[in-house]
Amino acid sequence: MEFFDALNDDHVAFIARQPMFFVATAASDGRINLSPKGYDAFRVLGAKRVAYLDLGGSGNETHAHLVADGRVTIMFNNFANPALIMRLYGTGKPVLPQDADWDELASSFDILPGTRQIFDIAVDNVQTSCGWGVPRMEMKADRETLVKYHRQADPDAWMKKTADRVKSIDGLRTRATDRYFGG
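Numbering (this note's numbering), first residue to last: 191 to 373.
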């Protein structure tokens, strides 16, 4: 196991090869949230800054936890060889389309249908470990279901349906957002 104060070129190259990552957050009370993420949704913005697109799905726990506490851990697993696990520890904040810094962050991404926010994360440190217990697997394909669902959604019906969804499953506050429905 090794710790680093910032991302280096090898770390950035490793991240670029990973088709998925995991996000863990928690507030002082309530559940710990752990979410798998796919698509081309992660960006390294600097040695101490990363961000990822968040699409609407089953809940908005990461948003609630980051507003309440700020702490976040991002984990990448290399399912190919060589075995490696990388964790990024830091603090983050949700940036919504109506926020002043949205345009700057959004310019780093191809915005996908269903995008509700971008999480902007300050990296405190990076940890790598062996990953020898992680199985070898191959990437077959992205699941297009979530993007397709949002692309086909009626924006007005969606906004009406979700307008009052401003709490996490533990009752923490979230902010409503305008989602991107385009193709």
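No residue lacks a Cβ here, since even glycine has one placed at the ideal position from N, Cα and C.
- [ ] Rounded to whole angstroms, what's the CA-CA distance from aspartate 259 to serine 358? Just pull it up for me.
- [x] Within the sequence shown, numbered from 1, the residue matching residue 259 stands at position 69. Within the sequence shown, numbered from 1, the residue matching residue 358 stands at position 168. Taking the straight line joining both Cα atoms gives about 14 angstroms.
Task: Beta-carbon proximity list for tryptophan 322, same chain, < 6 angstroms, skipping 5 on both sides - done: Stepping through the sequence shown from its first residue, residue 322 is reached at position 132. Contacts found: Ala273.
Open item on the list: For the alpha helix (DSSP H) containing phenylalanine 204, name the first residue and the last one.
Closed with: Here residue 204 refers to the residue found at position 14 when the sequence shown is read from its first residue. Where phenylalanine 204 is concerned, the enclosing alpha helix (DSSP H) stretches over 199-207.
Task: Residue range of the beta strand (DSSP E) that includes aspartate 195 - done: On the sequence shown, position 5 is the one that residue 195 refers to. Membership of aspartate 195 in any beta strand (DSSP E) is not indicated, and neither H nor E is assigned to it by DSSP.
Open item on the list: According to DSSP, simplified to helix, strand and coil, what is leucine 302?
Closed with: For this step, residue 302 is matched to residue 112 along the sequence shown. Here DSSP, grouped into helix, strand and coil, assigns leucine 302 to coil.
Task: Proximity to phenylalanine 266 [Cα-Cα], best of Leu197, Phe204, Glu334, Tyr242 - done: Residue numbering aside, residue 266 sits at position 76 when the sequence shown is read from its first letter. Comparing Cα-Cα distances from phenylalanine 266 to each of Leu197, Phe204, Glu334, Tyr242, the minimum goes to Phe204.
Task: methionine 265, enclosing beta strand (DSSP E) - first and last residue - done: To locate residue 265, count along the sequence shown from 1; it is residue 75. Per DSSP, the continuous beta strand (DSSP E) segment holding methionine 265 begins and ends at 261-268.
- [ ] Name, in chain order, the residues that DSSP records as bridge partners for isoleucine 311.
- [x] Counting from one through the sequence shown, the residue named residue 311 turns up at place 121. Val240, Gly282.
TODO: Identify which residue in Ala241, Arg277, Asn315 has its Cα closest to the Cα of valine 285.
DONE: The sequence position of residue 285 within the sequence shown is 95, counting from 1. Restricting attention to Ala241, Arg277, Asn315, the CA atom closest to the CA of valine 285 is found in Ala241.
TODO: Using 10 angstroms around the beta-carbon of valine 202, count the other beta-carbons present and answer buried if the total reaches 16, otherwise exposed.
DONE: By 1-based counting over the sequence shown, the position of residue 202 is 12. Within a 10 Å sphere around the beta-carbon of valine 202 sit fewer than 16 other beta-carbons, which makes this residue exposed.
TODO: Measure the beta-carbon distance from alanine 312 to lysine 238 and round it to whole angstroms, keeping in mind my assumption that it falls under 8 angstroms.
DONE: What you label residue 312 is simply residue 122 of the sequence shown in a count that begins at 1. What you label residue 238 is simply residue 48 of the sequence shown in a count that begins at 1. In this structure, alanine 312 and lysine 238 form a Cβ contact; the two beta carbons are roughly 6 angstroms apart against a cut-off of 8 angstroms.
- [ ] Leaving out five residues on either side along the sequence, give the residues of the same chain with a beta carbon under 6 angstroms from the beta carbon of glutamine 317.
- [x] Here residue 317 is taken as the residue at index 127 of the sequence shown, counted from 1. Apart from the 5 residues on each side of it in sequence, glutamine 317 sits with its Cβ closer than 6 angstroms to the Cβ of Phe193, Arg277 in its chain, given in chain order.
Task: Three-state class that DSSP yields for threonine 235 in the structure shown - done: Residue numbering aside, residue 235 sits at position 45 when the sequence shown is read from its first letter. For the sequence presented, residue 235 should be read as leucine rather than threonine. Strand, per DSSP.
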